[in-house]
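Notes follow once the structure below has been shown.
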Amino acid sequence: MIRAGTDTTASSVLPPRSKANRKGLLGQTLITMAISVAILVVNMATGIITARFLGPEGRGVQTALILWPQFLAFAGTFGIHAALLYHMKKDPMHEAKLYYASLWLTVCAGAICVAAGLLLIPAWVEAEDVVAAQWLMATTPFVLLFFMHNALFRGREEFHLFNRMRYLVPLLTLAALLLLAMGDRLTPITSAIAYTATYIPVTVLAMIRAMRIYRPVFAGMRSAYKKILAYGFGAYGIDLLGNLILYLDQIILIHLLAPGPLGLYVVAVSFSRVAAVFSSSINMVLYPKASSLPPGDAALLTLRVFKLSLVAALAFVAAFTVAAPFLIHLLYGSSFEGSTDIFRLLVLEVVLSGAALMLAQAFMATGKPFVATVSQAIGVVLIIPLMYYLVPEHGVIGAGWALLLTSVIRLLFVAVVFEWKFRFNLRTLLPGSDDYRWLISLIRGRKTQAAVRSQQ
């Protein structure tokens with residue numbers, strides 16, 4: 005039985021880690037990237053099912069239903085998950101206090117999000133869909149807790165648990181959609197439930213796991229709350245503004261486009277996210293690794309990873325763009341062929357925005373999240389006028405140009421500030437022979453470790 009204890013009893017001994025987490029940066033990144041690719045395949049399957057059964061108009065209605073529950077969950081983190089991970093790396097002896105402080109703060113954040121959703125949804129959703137969208141807000145607190153426990157397992161470098169949480173949600177969603185389709189019950193409302201309710205069982209299992217690791221702590225919690233809130237509010241802008249960028253386009257386009265063109269845009273956005281596998285997978289591992297290093301080493305590690313991953317991502321996008329018309333027709337059907345042109349812009353935008361966020365990990369890891377926040381703020385400030393200027397004139401293709409221009413400017417800003425803060429010459433942003441030698445040394449080191457383990 006788990007008993008309550010003081011901070012001393014709960015935190016004076018570092019909780020043991022699973023043996024599964026004993027891998028280096030390259031090993032964890034490759035595993036996380038492989039799982040990210042698998043998740044993308046599952047997400048594409050769910051997108052294909054909903055697109056083929058609902059059509060462009062039904063897909064647009066479904067997007068409107070889940071937009072606010074998802075957006076408020078992403079925008080209502082208050083930086084708690086980032087703060088938990090950062091302080092776990094800096095102060096691992098007080099993980100229990102940090103965990104429970106983050107847990108209660110996340111519950112409060114979830115209540116705020118639900119209240120906000122109930123008030124905002126009637127003004128943005130069609131009258132016949134308001135009640136369904138409001139009921140879906142009940143899943144938002146679980147999504148927030150999902151993010152927090154993801155950060156917990158990343159901070160403990162138990163990436164097997166972190167990745168398990170990530171792939172269980174889309175797998176459950178896929179299973180639910182298949183059952184609904186086979187039972188001829190797949191509608192915009194039921195598909196929206198399948199996309200949101202699957203967070204609940206996965207989050208509950210993660211909470212049970214965490215509470216078995218850490219005994220509840222009640223004494224001396226004030227300092228933990230202060231730490232989480234202080235860093236969290238500094239990093240909160242990254243979540244809030246980043247997800248404003250992620251969802252603001254769809255919020256605006258709901259009013260600027262009819263359901264049909266909106267459905268084409270949503271499919272293009274979903275398909276273009278395949279390219280995000282490079283930056284997102286690397287950032288999941290890079291941030292906790294860099295947070296445990298001195299500032300100079302953290303910046304150098306981030307810079308090298310940024311350069312090499314950007315080269316790989318651009319090469320992938322070049323091939324992906326050529327194959328896009330065939331793949332969209334094959335996967336989504338002829339009714340979605342009109343999304344090809346917008347896809348070409350969005351897939352490049354995904355790579356550049358991911359590169360900007362990756363380079364900004366150096367500031368996150370050194371306790372300076374404000375720089376990343378400003379980068380996201382630039383995106384929000386630019387996207388609104390660009391959308392309202394380009395979309396009425398050029399239609400859905402204008403939305404793609406608005407997002408792409410915004411990402412280019414954000415990347416330039418982060419690069420300039422990185423050079424100024426860490427005293428790297430801008431020329432070092434281009435990959436060189438030293439970077440490739442570093443990568444080769446990582447690969448050789450991983451092979452050596454594998455050989456040693458095989459002999460043990």
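Going by the numbering used here, 93 is the number at position 89 of the sequence shown; the sequence numbering is gapless.
Ideal Cβ positions, reconstructed from N, Cα and C, are used throughout, including at glycine.
Problem - Backbone secondary structure at V46 - three-state DSSP - result: helix
Exercise for the section: Taking L176 as the reference, give the member of Y392, P329, V46 with the closest Cα. Expected result: V46
Problem - Contacting residues, own chain, Cβ-Cβ under 7 angstroms from V273 (five flanking each side not counted) - result: L350
Exercise for the section: Kindly confirm or deny that the segment 142 to 153 and the segment 190 to 210 touch, where touching means at least three C-beta pairs closer than 8 angstroms. Expected result: yes
Problem - Contact check, L102 vs A223, beta carbons under 8 angstroms - result: Taking the C-beta atoms as reference points, A223 is found no nearer than 8 angstroms to L102.
Practice task
Look at the alpha carbon of V118 and the alpha carbon of L107, and state the distance between them as a whole number of angstroms.
Solution key: Distance between V118 and L107, taken at the CA atoms: about 17 angstroms.
Practice task
Give me the Cα-Cα distance between L275 and M141, rounded to the nearest whole angstrom.
Solution key: The question names Leu, but residue 275 in the sequence shown is Phe. Using only the alpha carbons, I get a separation of about 26 angstroms.
Exercise for the section: Have a look at V278, P396, W72 and flag the residue whose alpha-carbon is nearest the alpha-carbon of V129. Expected result: W72
Problem - Beta-carbon proximity check, L268 vs G342, cutoff 8 angstroms - result: Yes, they are a contact pair.
Handout entry: Close Cβ partners of L352 (< 7 angstroms) along its chain, the five nearest in sequence each way excluded
Key = V321, L408
Problem - Beta carbon of Q66 nearer than 8 angstroms to that of A185 - result: no
Handout entry: Inter-residue spacing [alpha-carbon to alpha-carbon] between A327 and L334
Key = 11 angstroms
Practice task
Please work out which residues of its chain come closer than 7 angstroms, Cβ to Cβ, to I43, disregarding the five sequence neighbours upstream and downstream, and give them in chain order.
Solution key: Closer than 7 angstroms at Cβ, skipping near neighbours: R170, Y171, P174.
Problem - Under the three-state DSSP convention, the category P174 falls into - result: helix
Problem - Three-state secondary structure assigned by DSSP to F340 - result: helix
Handout entry: Where S227 sits in the DSSP three-state scheme
Key = helix
Handout entry: Touching by the beta-carbon criterion (3+ pairs, under 8 angstroms), the segment 86 to 103 and the segment 212 to 219
Key = yes
Handout entry: Where S16 sits in the DSSP three-state scheme
Key = At S16, the pLDDT of 42 sits below 50, so the modelled position is not reliable; the number obtained from the coordinates is stated separately. Coil.
Exercise for the section: Buried or exposed for G187, please, with buried defined as at least 16 other CB atoms from any protein chain shown within 10 angstroms of its CB. Expected result: exposed
Exercise for the section: Find out if the Cβ-Cβ distance for the pair G159, P292 is shorter than 8 angstroms. Expected result: yes
Practice task
Please go through the same chain and pick out, in chain order, the residues whose beta-carbon is closer than 8 angstroms to the beta-carbon of I388, but skip the five residues on each side of it.
Solution key: L252, I256
Handout entry: Three CB pairs or more closer than 8 angstroms across the segment 363 to 374 and the segment 414 to 427
Key = Because the criterion of three Cβ pairs below 8 angstroms is met, the segment 363 to 374 and the segment 414 to 427 touch.
Problem - Rounded straight-line distance, which links the Cα of A113 to that of T81 - result: 7 angstroms
Practice task
Indicate the three-state DSSP secondary structure (helix, strand or coil) for T306 in the structure shown.
Solution key: helix
Practice task
Measure the alpha-carbon distance for I6 versus L34 and round it to whole angstroms.
Solution key: Here I6 scores only 38 on pLDDT, less than 50, and its place in the model is too uncertain to base an answer on.
Problem - Contacts around I193, its chain only, beta-carbon distance under 6 angstroms, and the 5 residues preceding and following it disregarded - result: A136
Handout entry: Residues near A280 by beta carbon distance below 6 angstroms, same chain, minus five either side
Key = V354, G358
Practice task
Might you give, ordered along the chain, the residues of its own chain that have their beta carbon closer than 7 angstroms to the beta carbon of S458, omitting 5 neighbours on each side?
Solution key: Note that S458 scores a pLDDT of 43, beneath 50, so its modelled location is shaky and nothing firm can be said.
Exercise for the section: Could you have a look at A179 and say whether DSSP puts it in helix, strand or coil? Expected result: helix
Problem - Alpha-carbon to alpha-carbon, L165 and S295 - result: Roughly 20 angstroms between the two C-alpha positions.
Exercise for the section: Let me know the secondary structure DSSP gives K101 once reduced to three states. Expected result: helix
Handout entry: Boundaries (first-last residue) of the alpha helix (DSSP H) holding T410
Key = 400 to 426
Exercise for the section: Specify the secondary structure class of L434 as computed by DSSP and reduced to three states. Expected result: coil
Handout entry: For A87, three-class secondary structure by DSSP
Key = Here A87 sits in helix by DSSP.
Practice task
Assign G300 to one of two classes, buried (16 or more other C-beta atoms within 10 Å of its C-beta) or exposed (fewer than that).
Solution key: exposed
Problem - Unbroken alpha helix (DSSP H) run spanning R189, endpoints - result: Element bounds for R189: n/a, residue is neither H nor E.
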